[in-house]
Amino acid sequence: MPFPSIATTRRMRRLNVACGIVAAASALLAGSAWADVKIGVLMPLSGKGASYGQHQEVALKMAQEQLEKSGGIKGEKVQFITYDTRGENAEAISLTRKLIHSDKVLAVIGPFFSAETEVAFPIAVQGKTPIITASAAKPGIAAKNRPWAFRNALASDQMNGKLIDAWLKQHPEVKSVVILTDVKDAFTKIDGTAVFPAILKERGIKVLDNISFQTADIDYAAQVTKAKQLNPDGIVVAGLYNEGGNVVREIRKQGLKQPVVGALGMSEPKFLEIAGPASEGTMVVMPFWPENPEARIASWVKDYRARAGTTPNNTDSLMYDTVFILKKCIESTGVTNKESDLAADREKIRGCLEKMPAHDGITGPIRFNEQGDAVLVPTVLQAKGQKWSSLR
Numbered sequence: 294m295p296f297p298s299i300a301t302t303r304r305m306r307r308l309n310v311a312c313g314i315v316a317a318a319s320a321l322l323a324g325s326a327w328a329d330v331k332i333g334v335l336m337p338l339s340g341k342g343a344s345y346g347q348h349q350e351v352a353l354k355m356a357q358e359q360l361e362k363s364g365g366i367k368g369e370k371v372q373f374i375t376y377d378t379r380g381e382n383a384e385a386i387s388l389t390r391k392l393i394h395s396d397k398v399l400a401v402i403g404p405f406f407s408a409e410t411e412v413a414f415p416i417a418v419q420g421k422t423p424i425i426t427a428s429a430a431k432p433g434i435a436a437k438n439r440p441w442a443f444r445n446a447l448a449s450d451q452m453n454g455k456l457i458d459a460w461l462k463q464h465p466e467v468k469s470v471v472i473l474t475d476v477k478d479a480f481t482k483i484d485g486t487a488v489f490p491a492i493l494k495e496r497g498i499k500v501l502d503n504i505s506f507q508t509a510d511i512d513y514a515a516q517v518t519k520a521k522q523l524n525p526d527g528i529v530v531a532g533l534y535n536e537g538g539n540v541v542r543e544i545r546k547q548g549l550k551q552p553v554v555g556a557l558g559m560s561e562p563k564f565l566e567i568a569g570p571a572s573e574g575t576m577v578v579m580p581f582w583p584e585n586p587e588a589r590i591a592s593w594v595k596d597y598r599a600r601a602g603t604t605p606n607n608t609d610s611l612m613y614d615t616v617f618i619l620k621k622c623i624e625s626t627g628v629t630n631k632e633s634d635l636a637a638d639r640e641k642i643r644g645c646l647e648k649m650p651a652h653d654g655i656t657g658p659i660r661f662n663e664q665g666d667a668v669l670v671p672t673v674l675q676a677k678g679q680k681w682s683s684l685r
């Protein structure tokens, strides 16, 4: 059958996977099986960081098609109930409640940003519903919301040590740095004001100043001019792809030649487009390497590129992998998908996520530790010719 269309409104997109027998149109009696296996998804499809959500949506659609080909989940049709949070905390709160209490999903994937995840996770804990972010990198988010919250992504404190070590190995002349920090975004703020400073201090690197900017700023000349006056050996940029790209472009525009290292949010391919040639040499870290030559990964990346017109990021591969982690847990734990068993089914999925052996995903082997964080292997990347190159 033809692939179902994705009907879009400002706040909601529903993706229906037609797998197996079409459900009867009549209402189901309480205690009988739902018409679909329902999974909620929260992502920014407009507003702040829309590029992240739009790219994740491509990966979700790829997972949807694969489910359709393989017979769904337990032979049942799958419905992804997807809402656009616009990157807004208030939206994340209300839409998490809606998914849990009105839509009655088995589990929730999302939200995307650390700030929205911080406020959405407690809602899922209260509603006793498993929730997995495939992107939020602020340390401690899942640990504070056990046992229902999980993070299928690496926290920045798990990755940035490896990044700084690789950066210093390539640039042993760096003895002092200036950090430019987006203090409006929760993830970049903690990276710039806590994670990076602690790592640099441990390695004997002096932080001359921490200069702030904010998400959606347009002009970064004043911040870069201040950094230039301090004459650091290196520059750390704790920003998302849009702001980070513009900051790096301004750094090179003002003639600074110092090596630059960036936060995880700058690993998005869009950063390379925004920074352009100024991105050359910038180093970042992420748990997924899109140029991995392994056949199944290369095939997946090729398919993604054909659909999206760009290279997938780690948050895209992690979205795809999260769908199949949930599939594994739903199929292996005796989930009935009956209305009367919703609470028990959610508990079965939660227990599975907590104890599951490593899932062999596109991103690599994935399992969750006792803090609810995924155990993944990060890869340091460097911009070369406006492409990310692995420093493995």
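Start counting the sequence shown at 294; every next residue gets the next number (the numbering used here). Virtual Cβ for every residue (Gly too), placed ideally from N, Cα, C.
CB contact flag (residue i, residue j, <8 Å)
i      : j      : result
Asn606 : Thr656 : no
Gly380 : Gly342 : yes
Ala435 : Asp478 : no
Val670 : Pro580 : yes
Val471 : Ile504 : yes
Leu353 : Phe373 : yes
Gly333 : Val418 : no
Leu276 : Ala520 : Since the first and last residues shown for the chain are 294 and 685, residue 276 lies out of range.
Gln551 : Pro525 : yes
Gln347 : Leu338 : yes
Arg589 : Ala571 : no
Ile366 : Ile623 : yes
Met559 : Tyr534 : yes
Lys331 : Lys397 : yes
Ala430 : Ala442 : no
Val540 : Val529 : no
Val371 : Arg600 : no
Leu674 : Val578 : yes
Phe506 : Phe406 : no
Gly532 : Ile567 : no
Ala427 : Thr629 : no
Candidates the options, of which the one nearest residue i by Cα
i      : options                        : result
Ser344 : Asp653, Cys645, Asp609         : Asp609
Pro423 : Ala436, Arg598, Pro440         : Pro440
Val554 : Thr575, Ala571, Arg542         : Thr575
Pro583 : Thr603, Ala429, Leu669, Val530 : Thr603
Glu536 : Phe564, Leu388, Arg545         : Phe564
Thr672 : Glu587, Gly665, Ser682         : Ser682
Glu361 : Val668, His394, Gln516, Phe617 : Phe617
Gly654 : Ala556, Leu611, Pro432         : Leu611
Gly364 : Ile511, Thr389, Asp329, Lys494 : Asp329
Leu388 : Ile416, Gly527, Asn453, Ile659 : Ile416
Ile425 : Lys680, Lys677, Gly678, Asp666 : Asp666
His394 : Lys421, Ala383, Ala427, Asn382 : Lys421
Met649 : Ala636, Val668, Val500, Lys631 : Val668
Lys677 : Trp593, Glu573, Glu466         : Glu573
Reduced DSSP secondary structure (H/G/I, E/B, other) of residue i
i      : result
Ile498 : coil
Ile434 : coil
Trp681 : strand
Pro671 : coil
Gly555 : strand
Thr474 : strand
Lys370 : coil
Val540 : helix
Asp377 : strand
Asp666 : strand
Pro415 : helix
Ile393 : helix
Arg598 : helix
Gly657 : coil
Lys331 : strand
His652 : strand
Neighbour-count burial assignment, residue i, 16 or more Cβ in a 10 Å radius
i      : result
Ile483 : buried
Val310 : Unreliable placement is indicated for Val310, whose pLDDT of 43 sits below 50; no coordinate value is reported for it.
Ile642 : buried
Gln522 : exposed
Ser633 : exposed
Ser625 : exposed
Lys620 : buried
For residue i: DSSP bridge partner residues
i      : result
Val398 : DSSP lists no partner for Val398.
Ala448 : Per DSSP, none; premise fails for Ala448.
Phe443 : Ile425
Gly527 : Val470
Ala676 : Trp681
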